[in-house]
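Chemist: By numbering that gives the first Met the number 0, the letter at position 299 of the sequence shown is numbered 298, and the numbering carries on one by one without gaps.
Here a beta-carbon is modelled for each residue, glycine too, at the ideal position from N, C-alpha and C.
Following this message is one structure expressed as structure tokens.
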Amino acid sequence: MNWGLHDALQAMGPQAGHIVDLWRIFLVLCTLVFAAILAALLLALKRAPRVRTGAPPDLSTVNVPEPGPRRSVVTAVTASILLLLVLLAASVFTDRALARLPLQDAVNIEVVAHQWWWTVRYVNGPVTETFETANEIHVPVGRPVVIKLSSEDVIHSLWVPSLAGKRDLVPGRTATMAFQADQPGLYRGQCAEFCGYQHAFMAFEVHAQPQAEYDAWRQQQLAPAAEPADMNAQRGKQLFQSVSCALCHSIQGTLAQGRHAPDLTHLAGRRTLAAGTLPNTPASLASWIADPQKLKPGVNMPATPLSGEDLGAIVAYLGTLK
Ligand SMILES: [Cu+2]
């Protein structure tokens, strides 16, 4: 499965670009300093007088002023301070540059982090045009995106290395981050703050699409779930609403209105299940529903005892949620 670009050194937008520039400045300066220190060390080793074992210690230089070495030390300390100031200035300028992304006509998104998945809510336009997905952020190419971040439980951190730096999601607080994708593509993101047992399986994806494609996707997301045509899927829908699923999950246009788990209204359009843990195929969907604890131990979804037939019907129904 293609997991998308996940590389801080391959910047695909202005924000990641500023960060990669800063990284290059640090890399070049630190490499030069490292090389200079090694050179000084080698020079000192070469110049040091050779001592034979058993020879009495040479005390001739004790308490004798040494203007040469003194000058070298003062020069090196001054150069270190100046170079550190250069790095400090570069960091401050990068921070300024990051804050200067123009935000006219931005796409507004809210992301809520949970152990161990992400709610993604699109809040552009009137309330009736608000919709929710999970673990996937779709953005139009070339337009700024402003994300409001919060957390339901512990501290998480949102990081899409190819597009922007990290930003923490702290319970009880909101933060914002802004970025822009300049190239269409699939960018992988990952929770970057240890947040419990399944922290490693708390990934997400950013789909950067041309504006027209994004608009089409948005229209589709706004629509409630379509009524399944097939009998088996219809039975799956009834089951979904009558067994435990609807307590936690919501599917717009049905009785399922739970608020504790990913919105499944358009589940079939997503590429992965359970925050990048599994590819979204009927087989992995079935094994996930049968026993999520086996695939993502500790996850906040219980195993549901279902007959093979019932499980098949629910999987068929979820498969219709395009
Ligand atoms: Cu996390």
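1) Quick check on DSSP: helix, strand or coil for residue 20?
2) What does the Cβ neighbour count give for residue 193, buried or exposed, with the cut at 16 atoms within 10 Å?
3) My guess is that residue 106 and residue 123 are in contact by the Cβ rule of under 8 angstroms, so how many angstroms apart are they, rounded?
4) Excluding five sequence neighbours on each side, which residues of the same chain lie with their C-beta closer than 7 angstroms to the C-beta of residue 299?
5) Tell me which residue opens and which closes the beta strand (DSSP E) that residue 179 is part of.
6) Using the C-alpha atoms, what's the distance from residue 210 back to residue 327?
7) Near residue 279, what residues of its chain come up, given a Cβ to Cβ distance below 8 angstroms and the 5 sequence neighbours on each side ignored?
8) For the alpha helix (DSSP H) that residue 94 lies in, which residues bound it at each end?
9) Do you know offhand how far residue 151's Cα is from residue 170's?
10) Just verifying my parser: in three-state terms, what is the DSSP assignment at residue 108?
11) Beta carbon of residue 156: closer than 8 angstroms to some heavy atom of ligand 1?
12) If you follow the alpha helix (DSSP H) that residue 214 is part of, which residue opens it and which one closes it?
13) Quick check on residue 244: does DSSP put it in helix, strand or coil?
14) What do you reckon, are the CB atoms on residue 99 and residue 110 nearer than 9 angstroms?
15) Taking 7 angstroms as the limit between beta carbons, can you name the residues of its chain near residue 128, skipping five residues before and five after?
16) Kindly list the residues whose CB is nearer than 8 angstroms to the CB of residue 323, restricted to its own chain and excluding five residues on each side of it in sequence; keep chain order.
17) Rounded to whole angstroms, what's the CA-CA distance from residue 148 to residue 227? Just pull it up for me.
18) Give the DSSP-derived three-state secondary structure of residue 2 in the structure shown.
19) In chain order, what residues of the same chain lie with their CB nearer than 7 angstroms to the CB of residue 277, ignoring the 5 residues before and after it?
20) Might you give, ordered along the chain, the residues of its own chain that have their beta carbon closer than 8 angstroms to the beta carbon of residue 7, omitting 5 neighbours on each side?
21) Is any heavy atom of ligand 2 found at a distance shorter than 8 angstroms from the C-beta of residue 153?
22) Kindly examine ligand 1 and report whether one of its heavy atoms sits closer than 8 angstroms to the Cβ of residue 195.
23) Is it buried or exposed for residue 33, if we count other Cβ within 10 angstroms and need 16 for buried?
24) Exposed or buried, residue 177, counting other C-beta atoms within 10 Å across all chains shown (16 or more means buried)?
25) Alpha carbon to alpha carbon, how far is residue 254 from residue 317? Give it in angstroms, no decimals.
Modeler: With the given structure in hand:
1) Walking along the sequence shown from the start, residue 20 turns up at place 21. Reduced to three states, the DSSP call for residue 20 is helix.
2) Taking the first residue of the sequence shown as 1, we reach residue 193 at position 194. Answer is exposed; the Cβ neighbour count stays below 16.
3) Translated into the one-based positions of the sequence shown, residue 106 becomes position 107. Translated into the one-based positions of the sequence shown, residue 123 becomes position 124. At roughly 6 angstroms, the Cβ-Cβ gap stays under 8 angstroms, so residue 106 and residue 123 are in contact.
4) Taking the first residue of the sequence shown as position 1, residue 299 is located at position 300. If we look at residue 299 and ignore the five residues flanking it on each side, its Cβ neighbours are 114.
5) Mapped onto the sequence shown, residue 179 falls at position 180. Residues 174 to 179.
6) Outside the shown range of the chain (0 to 321) lies residue 327, about which nothing can therefore be said.
7) Position 280 of the sequence shown, counted from the first residue, corresponds to residue 279. 266, 267, 269, 270, 271 and 272, listed in sequence order.
8) Here residue 94 refers to the residue found at position 95 of the sequence shown. Run containing residue 94: 66 to 98, per the alpha helix (DSSP H) assignment.
9) Reading the sequence shown from its first residue, position 152 is the one you call residue 151. Reading the sequence shown from its first residue, position 171 is the one you call residue 170. Between residue 151 and residue 170, the C-alpha separation is close to 6 angstroms.
10) On the sequence shown, residue 108 is found 109 positions in, with the first residue counted as 1. In the structure shown, residue 108 sits in a strand (DSSP, three-state: E or B).
11) Reading the sequence shown from its first residue, position 157 is the one you call residue 156. Answer for residue 156: yes, Cβ within range of ligand 1.
12) Taking the first residue of the sequence shown as position 1, residue 214 is located at position 215. Where residue 214 is concerned, the enclosing alpha helix (DSSP H) stretches over 210 to 221.
13) The count along the sequence shown starts at 1 and reaches residue 244 at position 245. Correct three-state label for residue 244: helix.
14) Taking the first residue of the sequence shown as position 1, residue 99 is located at position 100. Taking the first residue of the sequence shown as position 1, residue 110 is located at position 111. No; because the gap between Cβ atoms is not below 9 angstroms, this pair is not in contact.
15) Walking along the sequence shown from the start, residue 128 turns up at place 129. The answer, listed in chain order, is 221.
16) In the structure as shown, the chain begins at 0 and stops at 321. Residue 323 is therefore absent and cannot be evaluated.
17) Locating residue 148 in the sequence shown gives position 149, counting from the first residue. Locating residue 227 in the sequence shown gives position 228, counting from the first residue. Near 35 angstroms, if we compare the C-alpha coordinates of residue 227 and residue 148.
18) Residue 2 sits at position 3 when you count from the first residue of the sequence shown. DSSP places residue 2 in coil when its eight states are reduced to three.
19) Sequence index remark: in the sequence shown, residue 277 carries index 278 (1-based). Excluding sequence neighbours, residue 277 sits near 271, 283, 287 and 294.
20) In the sequence shown, counting from the first residue as 1, residue 7 sits at position 8. Counting only Cβ-Cβ distances below 8 angstroms, and skipping sequence neighbours, we find 15, 18, 19, 22, 160 and 161.
21) With respect to ligand 2, the structure offers nothing, as its ligand set consists of ligand 1.
22) Here residue 195 corresponds to residue number 196 of the sequence shown, with the count starting at 1. It does: the Cβ of residue 195 is within 8 angstroms (strictly closer) of some heavy atom of ligand 1.
23) Here residue 33 corresponds to residue number 34 of the sequence shown, with the count starting at 1. Flag for residue 33 reads exposed.
24) Here residue 177 refers to the residue found at position 178 of the sequence shown. Classification of residue 177: buried, given that the 10 Å Cβ count is 16 or more.
25) Mapped onto the sequence shown, residue 317 falls at position 318. Mapped onto the sequence shown, residue 254 falls at position 255. Answer to the nearest angstrom: the Cα atoms are 15 angstroms apart.
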